[in-house]
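A short worksheet on the structure shown next.
2 protein chains.
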Amino acid sequence: MRAGPSQEEVRRHNLGTLLRYVHVHGATSRAELTNRLGLNRSTIGALTADLTTAGLVSEAAPRETGRAGRPSLVVRPESSRVYSWALSIEVDRLRAARVGLGGRILDRRETDRPRGMQVLDAVQPLAEFVHEMRAGVPDDTRYVGTGVAVAGMVRRADGVVRLAPTIGWVEEPVGAALRAELGDAGRLTLGNHADVSALVEHSRGAAAGCDNVIYLYGDVGVGAGIIADGRRVAGHGGYGGEVGHMVVNPYGRECSCGSRGCWETEIGEYALLKHAGRGDQSGREAVLGVVDAAMRGDSQAQFAVRQVGEWIGFGVGNLVNIFNPEAVIFGGTLRDVYLVAAAQIRSRLNAIGLPACREHIRLRTPELGDDAALIGAGELAFEHLLKDPLIN
Amino acid sequence: MRAGPSQEEVRRHNLGTLLRYVHVHGATSRAELTNRLGLNRSTIGALTADLTTAGLVSEAAPRETGRAGRPSLVVRPESSRVYSWALSIEVDRLRAARVGLGGRILDRRETDRPRGMQVLDAVQPLAEFVHEMRAGVPDDTRYVGTGVAVAGMVRRADGVVRLAPTIGWVEEPVGAALRAELGDAGRLTLGNHADVSALVEHSRGAAAGCDNVIYLYGDVGVGAGIIADGRRVAGHGGYGGEVGHMVVNPYGRECSCGSRGCWETEIGEYALLKHAGRGDQSGREAVLGVVDAAMRGDSQAQFAVRQVGEWIGFGVGNLVNIFNPEAVIFGGTLRDVYLVAAAQIRSRLNAIGLPACREHIRLRTPELGDDAALIGAGELAFEHLLKDPLIN
Chain A
1 MRAGPSQEEV RRHNLGTLLR YVHVHGATSR AELTNRLGLN RSTIGALTAD LTTAGLVSEA
61 APRETGRAGR PSLVVRPESS RVYSWALSIE VDRLRAARVG LGGRILDRRE TDRPRGMQVL
121 DAVQPLAEFV HEMRAGVPDD TRYVGTGVAV AGMVRRADGV VRLAPTIGWV EEPVGAALRA
181 ELGDAGRLTL GNHADVSALV EHSRGAAAGC DNVIYLYGDV GVGAGIIADG RRVAGHGGYG
241 GEVGHMVVNP YGRECSCGSR GCWETEIGEY ALLKHAGRGD QSGREAVLGV VDAAMRGDSQ
301 AQFAVRQVGE WIGFGVGNLV NIFNPEAVIF GGTLRDVYLV AAAQIRSRLN AIGLPACREH
361 IRLRTPELGD DAALIGAGEL AFEHLLKDPL IN
Chain B
393 MRAGPSQEEV RRHNLGTLLR YVHVHGATSR AELTNRLGLN RSTIGALTAD LTTAGLVSEA
453 APRETGRAGR PSLVVRPESS RVYSWALSIE VDRLRAARVG LGGRILDRRE TDRPRGMQVL
513 DAVQPLAEFV HEMRAGVPDD TRYVGTGVAV AGMVRRADGV VRLAPTIGWV EEPVGAALRA
573 ELGDAGRLTL GNHADVSALV EHSRGAAAGC DNVIYLYGDV GVGAGIIADG RRVAGHGGYG
633 GEVGHMVVNP YGRECSCGSR GCWETEIGEY ALLKHAGRGD QSGREAVLGV VDAAMRGDSQ
693 AQFAVRQVGE WIGFGVGNLV NIFNPEAVIF GGTLRDVYLV AAAQIRSRLN AIGLPACREH
753 IRLRTPELGD DAALIGAGEL AFEHLLKDPL IN
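Protein chains in written order, with this note's numbering: chain A, 1 to 392; chain B, 393 to 784.
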């Protein structure tokens, strides 16, 4: 319970609000900012001037509007001058990008990650990517921080990956290892891959404008980023959203977490490939192979997709009763399965979801695709700046 | 995205913050308020004066402190002068209370509710209780509003009960029916029974100080009020928290909702009584009978309690992975079962819950017991006042 803010706090809050607005929405006229932020014109002018001086935004006349009168100046984020490093550690690949303010990917690198790769072996190529890209960064730029998305449970305070069953890491000091390799990279923040992707789809993607969202990401495992009333459901230690380990089948298969019948044992990569008679394969290409075969009429592939679709609908139905969301987004390989199994998913979801809990729900695929994790990792770094633009 | 508040908004916010503080924490010295709310002494003095003039708080010298110097005045909510009507519609009973500011129950009434009772038959005794209690209300008092807790899914906007399977109501205009019976009672707000109980246990009960809480309430069905990062997980339409209809056993029994194997079919009253060989009984007394028999060594009762305990732990494990809560509170008949089945519950929860998700979890029984629903119903009415004390 806190009392109201001081005038100086209000000004700093307003600076952050304006910068966040153009960061998320892109170039915006002063007139629209006045309107959207509920501040008067002179306040918007003063805030914009401060942010311009700090090199965070720039102002310019808009393109010809065809209307009479002096046009409102357009404020845009300095995407090419203010940037973060964004890293993503996934089951099958390692990615790095330079992300400009406004969420623009300015440069990127990617390499395969063999399953079973250890932390130090993963950290090195990521650091090399950063060193490579750094060589191409113009002089007149400002580095804000580094964000890392990891397909696992991350303790934000110190960047320890507590558990990443699909990657095979337990209690690994990934943050410290990256800090050592990156040298002067300074501020480094780790987050969960599904969480950061969810926030990006929520702020500027498939769930823009929705306050209650479940973003599911599948590969070998299944994770979720959950937004309730506009905010991430993080939980006490930041480990919320582990829906892949919601047990849906008490009589099901053993899971990599040690439990049995977890949702990801029924809808993850292994389940799909096994149902399709392709248990010897693995990886995204193999999943896409089953989905393609199902679309071409292969009956075993269709069986596999139906089976997995049923279980997807089952778990989504449970989550719908718990969260009453507006949107459920299917990311990763769940996106591909959703596209061919939408009917099964919807039908099972309708059987389990209570009418009031599911009545306004929209099932969607991601708008930003796999870029969401990189943009989201960038957001982890920008967050400090957006909170207090002139200090951080 | 909103810009900062005006000075007048800050003052009103501060009035609400101070009033909410003493409403939740009871009598508090000006010195402590200064400290807790981060405002200076003269601001606290001015706010207290405004609230005193409005008849919402009173100030008095504290009891002898034994310390030298002028003691800080103590501010307390006007519990006996400012009140709401609080109603609770439950599976087996109807309750009404007059609740004073500060959450003090000043008067109360209760009657049985035969299962199958229709809306109009339930509304009438509640209205009579209010009329009765109203006759005893002193002159110099202020009525704030009426809050109603219902064991079902409620649309707050118009007070329609969308679905209350355990009560047997579907799309019933309970708010309108109550308004018609109560006559001049004015502002009326409905909420879900588990939701409002959760908020009270969170603000002043077993989960005070915890920001991530799951409050479970069981009788025939099972509902939850879920607090994430200090706020209720309401969902898009306000129907979140229907954990009783999370399917835990795909091969389980039919549920009153039309689905199969919902959590409440495994841990609700019917399951316990059936396992105990007492399928012909029903109600809370019958549940307590099984729990007592188990404590006295009756083997079939012990079997029943173990079975239900396993399934309680199972579902709690799922919720722990999804929410990473600090506290899980067992209310209603789940409280009684928890007290004899804590070992099973903990063991199954530990097997399903990921270590990071359950590492700081505390399992608890409610502090406010069944009063939570009445105090919580009162909160629905006080909420308007606390938001803007001098307007509402």
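We treat Cβ as the ideally placed atom computed from N, Cα and C, and that holds for glycine. Please read these numbers as outputs of a predicted model, since none were measured by experiment.
Pairwise C-alpha distance: Gly378/A and Val57/A: By 1-based counting over the first sequence, the position of residue 57/A is 57. By 1-based counting over the first sequence, the position of residue 378/A is 378. Approximately 18 Å, taken between the alpha carbons.
Sheet register partners of Trp655/B (DSSP bridge): Mapped onto the second sequence, residue 655/B falls at position 263. Among the bridge pairs identified by DSSP, Trp655/B is matched with none.
Would DSSP call Tyr338/A helix, strand or coil? In the first sequence, the residue the question calls residue 338/A occupies position 338. When secondary structure is reduced to three states using DSSP, Tyr338/A falls in the helix class.
Buried or exposed by the 16-neighbour rule on C-beta atoms within 10 Å, applied to Arg404/B: Working through the second sequence from its first residue, we reach residue 404/B at position 12. Burial check for Arg404/B: the Cβ neighbour count within 10 Å reaches 16 or more, so the residue is buried.
In terms of DSSP beta bridges, what is Gly629/B paired with? Here residue 629/B corresponds to residue number 237 of the second sequence, with the count starting at 1. Within the DSSP bridge table, the entry for Gly629/B names no partner.
Considering only the alpha carbon of each residue, which of Leu101/A, Cys257/A, Asn249/A and Arg346/A lies closest to Ala164/A? As a first step, residue 164/A must be located in the first sequence, where it is residue number 164. For the set Leu101/A, Cys257/A, Asn249/A and Arg346/A, the Cα lying nearest the Cα of Ala164/A is the one of Cys257/A.
In three-state DSSP terms, what is Arg104/A? Here residue 104/A is taken as the residue at index 104 of the first sequence, counted from 1. Note: Arg104/A maps to strand in three-state DSSP.
Nearest to Ile105/A by CA position, among Leu87/A, Leu120/A and Arg93/A, is which residue? The count along the first sequence starts at 1 and reaches residue 105/A at position 105. Closest by alpha carbon: Leu87/A.
In chain order, what are the residue ranges of uninterrupted alpha helix (DSSP H) at least 4 long that sit wholly in the region 262 to 343 of chain A? The alpha helix (DSSP H) runs of length 4 or more contained entirely in the region 262 to 343 of chain A are, from start to end of the chain, 263 to 267, 269 to 275, 284 to 295 and 299 to 323.
Taking the alpha-carbon positions, what's the Ala735/B to Arg698/B distance? Indexing the second sequence from 1 puts residue 735/B at position 343. Indexing the second sequence from 1 puts residue 698/B at position 306. For Ala735/B and Arg698/B, the distance between alpha carbons rounds to 9 Å.
Since Ile559/B sits in a beta bridge, which residues does DSSP pair it with? The count along the second sequence starts at 1 and reaches residue 559/B at position 167. DSSP output for Ile559/B lists no bridge partner at all.
Quick one: what's got a C-beta closer than 7 Å to Gln692/B's C-beta in the same chain, skipping five residues either side? Reading the second sequence from its first residue, position 300 is the one you call residue 692/B. Within the same chain, Gln692/B has close Cβ partners Ala668 and Gly669.
Per DSSP, cross-strand counterpart(s) of Thr48/A: Mapped onto the first sequence, residue 48/A falls at position 48. According to DSSP, Thr48/A shares a beta bridge with no other residue.
Alpha helix (DSSP H) containing Glu383/A: first to last residue? Here the question's residue 383/A lines up with position 383 in the first sequence. First-last of the alpha helix (DSSP H) with Glu383/A: Asp371 to Lys387.
Start and end residues, alpha helix (DSSP H) containing Pro429/B: By one-based count along the second sequence, residue 429/B stands at place 37. The displayed chain sequence assigns Leu, not Pro, to residue 429/B. Per DSSP, the unbroken alpha helix (DSSP H) holding Leu429/B starts and ends at Arg422 to Leu429.
Can you tell me which of the three DSSP states Tyr413/B falls into? Indexing the second sequence from 1 puts residue 413/B at position 21. Helix.
Within the chosen definition, does the region 540 to 549 of chain B reach the region 581 to 588 of chain B through at least 3 CB pairs nearer than 8 Å? They touch, by the three-pair rule.
Closest to Val511/B by C-alpha separation, out of Val474/B, Ala572/B, Arg534/B and Glu702/B, would be which residue? Walking along the second sequence from the start, residue 511/B turns up at place 119. With distances taken between Cα atoms, Val511/B lies closest to Ala572/B.
Contacts that Val243/A makes with chain B (C-beta to C-beta distance below 8 Å): Position 243 of the first sequence, counted from the first residue, corresponds to residue 243/A. Those are Asn713 and Ile714, listed as they occur along chain B.
Segment limits, beta strand (DSSP E) that includes Val466/B: Residue numbering aside, residue 466/B sits at position 74 when the second sequence is read from its first letter. First-last of the beta strand (DSSP E) with Val466/B: Val466 to Pro469.
State the Cα-Cα distance for the pair Phe774/B and Gly102/A, rounded to the nearest angstrom. If you number the second sequence from 1, residue 774/B lands on position 382. If you number the first sequence from 1, residue 102/A lands on position 102. Roughly 42 Å separates the two Cα atoms.
So which residues of chain A does Tyr631/B contact, with C-beta pairs closer than 8 Å? Your numbering for residue 631/B matches position 239 in the second sequence. Taking a Cβ-Cβ cut-off of 8 Å, the neighbours of Tyr631/B in chain A comprise Asn324, Leu354, Ala356 and Cys357, given in sequence order.
So with Cβ pairs under 7 Å, would you call Leu555/B a contact of chain A? For the purposes of this step, residue 555/B is identified with residue 163 of the second sequence, where counting begins at 1. Taking Cβ atoms only, chain A reaches closer than 7 Å to Leu555/B, which makes this a yes.
CB-CB length for Ser421/B against Pro397/B, believed under 8 Å: Here residue 421/B corresponds to residue number 29 of the second sequence, with the count starting at 1. Here residue 397/B corresponds to residue number 5 of the second sequence, with the count starting at 1. Contact between Ser421/B and Pro397/B fails: their C-beta atoms lie close to 28 Å from each other, not under 8 Å.
Spatial distance of Met1/A from Arg348/A (CA atoms): Counting from 1 along the first sequence, the entry for residue 1/A is found at position 1. Counting from 1 along the first sequence, the entry for residue 348/A is found at position 348. Unreliable positioning characterises Met1/A in this predicted model, as indicated by a pLDDT of 44, which lies under 50. A coordinate reading is not provided.
Does the beta carbon of Asn604/B come closer than 7 Å to any beta carbon on chain A? Against the second sequence, residue 604/B aligns to sequence position 212. By this cut-off, Asn604/B is an interface position.
Can you check whether the CB of Ile227/A is closer than 7 Å to the CB of Val328/A? Here residue 328/A refers to the residue found at position 328 when the first sequence is read from its first residue. Here residue 227/A refers to the residue found at position 227 when the first sequence is read from its first residue. Going by C-beta atoms, Val328/A is not nearer than 7 Å to Ile227/A.
Is Arg362/A helix, strand or coil by DSSP? The residue given as residue 362/A occupies position 362 in the first sequence. Collapsing the DSSP output to three states places Arg362/A in a strand.
Would you mind sorting Val170/A into buried or exposed? The rule is 16 or more other CB atoms within 10 Å of its CB. Here residue 170/A corresponds to residue number 170 of the first sequence, with the count starting at 1. Classification of Val170/A: exposed, given that the 10 Å Cβ count is below 16.
According to DSSP, residues forming a beta bridge with Met525/B: For this step, residue 525/B is matched to residue 133 along the second sequence. Residue pairing by DSSP places Met525/B opposite no residue, since no beta bridge is assigned to it.
Beta strand (DSSP E) segments (min. 3 residues) lying fully within the region 531 to 592 of chain B: List check, beta strand (DSSP E) in window: 534 to 542, 545 to 547, 552 to 556, 561 to 564 and 580 to 584.
State the beta-bridge partners of Gly26/A as determined by DSSP. Against the first sequence, residue 26/A aligns to sequence position 26. Beta-bridge pairing links Gly26/A to no other residue.
Which bits of chain B does Gly235/A rub up against, with CB to CB less than 8 Å? For the purposes of this step, residue 235/A is identified with residue 235 of the first sequence, where counting begins at 1. In chain order: Asn604, Ala620, Phe715, Asn716, Pro717 and Cys749.
Look at Thr440/B and Val467/B and say whether their C-beta atoms are less than 7 Å apart. To locate residue 440/B, count along the second sequence from 1; it is residue 48. To locate residue 467/B, count along the second sequence from 1; it is residue 75. In contact: Thr440/B and Val467/B (Cβ atoms closer than 7 Å).
Cutoff 6 Å; reference Leu126/A; Cβ partners in own chain excluding five residues on either side: Stepping through the first sequence from its first residue, residue 126/A is reached at position 126. Correct list, in chain order: Leu87, Leu94 and Ala96.
Here's the rule: buried if 16 or more other CB atoms are within 10 angstroms of the residue's CB, otherwise exposed. What is Gly745/B? In the second sequence, counting from the first residue as 1, residue 745/B sits at position 353. Looking at its Cβ environment, which holds 16 or more other Cβ atoms inside 10 Å, Gly745/B is buried.
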